[in-house]
Amino acid sequence: MGPVAGMGNRKNVPPGIAFRQVSATPLYGMTASEPISFKHLSRDVSMPVTIVPARHDADRATCARLMCETDPWITLGRSYDRCLVAVSDAGRELYVALDGDAVAGFILITMKGQFPGYIASVCVAPAARGSGLGTTLVEFAEERIHRESPNVFLCVSSFNEGARRLYERLGFEYVGTLKDYIVKGYDELLYRKTIGPWSEFVPEE
1 MGPVAGMGNR
11 KNVPPGIAFR
21 QVSATPLYGM
31 TASEPISFKH
41 LSRDVSMPVT
51 IVPARHDADR
61 ATCARLMCET
71 DPWITLGRSY
81 DRCLVAVSDA
91 GRELYVALDG
101 DAVAGFILIT
111 MKGQFPGYIA
121 SVCVAPAARG
131 SGLGTTLVEF
141 AEERIHRESP
151 NVFLCVSSFN
161 EGARRLYERL
171 GFEYVGTLKD
181 YIVKGYDELL
191 YRKTIGPWSE
201 FVPEE
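Under the working numbering, residues 1 to 205 are what the sequence shown spells out, in order.
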């Protein structure tokens with residue numbers, strides 16, 4: 001996958017993927033009329049979804065609830081309150097996948113710090129699991145990140161074998177292990193997917 005040039009061609013959008021004009025307060029450098037691009041998204045999604053920046057506090061509360069009731073966050077001991085703090089962090093970008101008006105999943109991205117382009121969390125609601133939505137969210141994040149960075153980073157808990165298989169299938173490469181990083185007895189595995197070195201990268205304007 002190369003850097004995204006423009007917003008893509010809607011003729012190439014897979015069946016079942018919807019567009020939505022962003023009509024709320026502009027977030028993350030997007031204008032109020034800018035569509036979300038799905039140029040490179042997965043073709044195996046079996047449910048219609050729209051991906052937009054989190055719209056309001058209710059979206060953030062739903063995302064926090066999904067996190068605290070789902071592994072790996074259950075095993076990692078993340079409470080609802082801690083999850084709510086994470087998804088409400090103004091220094092991160094929270095995008096939600098909507099099935100109608102309901103949040104079917106979300107992805108949380110960090111574009112600041114030493115590793116810009118870090119996917120902090122990906123979560124899919126129970127009813128949407130197995131639909132390909134997790135893949136869609138990751139590929140959406142890649143497009144957004146590659147506007148500003150050639151690298152996409154993420155960490156996977158050592159016990160989360162399903163997530164590891166997904167990320168490796170999507171082209172992420174194992175970088176290293178952060179031993180006992182969050183809780184004792186479980187490691188965090190750092191992965192990266194890159195389109196080239198920083199010296200050759202030209203960000204979108």
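Note that CB positions come from ideal geometry on N, CA and C, so glycine has one too. All values derive from a computational prediction rather than experimental measurement.
Check: Give the DSSP-derived three-state secondary structure of residue 97 in the structure shown.; Outcome: strand
Check: Could you say which of 116, 53 and 181 lies nearest to residue 77 if we only look at CA atoms?; Outcome: 181
Check: Taking C-beta to C-beta, are residue 166 and residue 106 nearer than 9 Å?; Outcome: no
Check: Using CA coordinates, which residue listed in 145, 52, 152 and 121 is at the minimum distance from residue 134?; Outcome: 121
Check: Report the rounded CA-to-CA distance for residue 55 versus residue 196, giving the unit in angstroms.; Outcome: 33 Å
Check: Hey, how far is the Cα of residue 32 from the Cα of residue 95?; Outcome: Its pLDDT being 30, under 50, residue 32 is placed unreliably by the model, and the measurement read from it follows with that caveat. Rounded to the nearest angstrom, the two C-alpha atoms are 15 Å apart.
Check: Take residue 199 as the anchor and find which of 151, 143 and 75 has the nearest alpha-carbon.; Outcome: 151
Check: Would you tell me roughly how many angstroms separate the C-alpha atoms of residue 74 and residue 50, rounded to the nearest one?; Outcome: 27 Å
Check: Give a yes or no on whether the C-beta atoms belonging to residue 125 and residue 102 are separated by under 9 Å.; Outcome: yes
Check: Hey, quick one: how far does the alpha helix (DSSP H) through residue 140 stretch, first residue to last?; Outcome: 133–145
Check: Have a look at 153, 172 and 159 and flag the residue whose alpha-carbon is nearest the alpha-carbon of residue 111.; Outcome: 153
Check: Any idea which residues DSSP pairs residue 193 with across the strands?; Outcome: 152
Check: I'd like the span of the alpha helix (DSSP H) that includes residue 162, first residue to last.; Outcome: 161–169
Check: Determine whether the Cβ of residue 186 lies closer than 9 Å to any Cβ atom of chain D.; Outcome: No chain D appears in this structure, which consists of one protein chain only.
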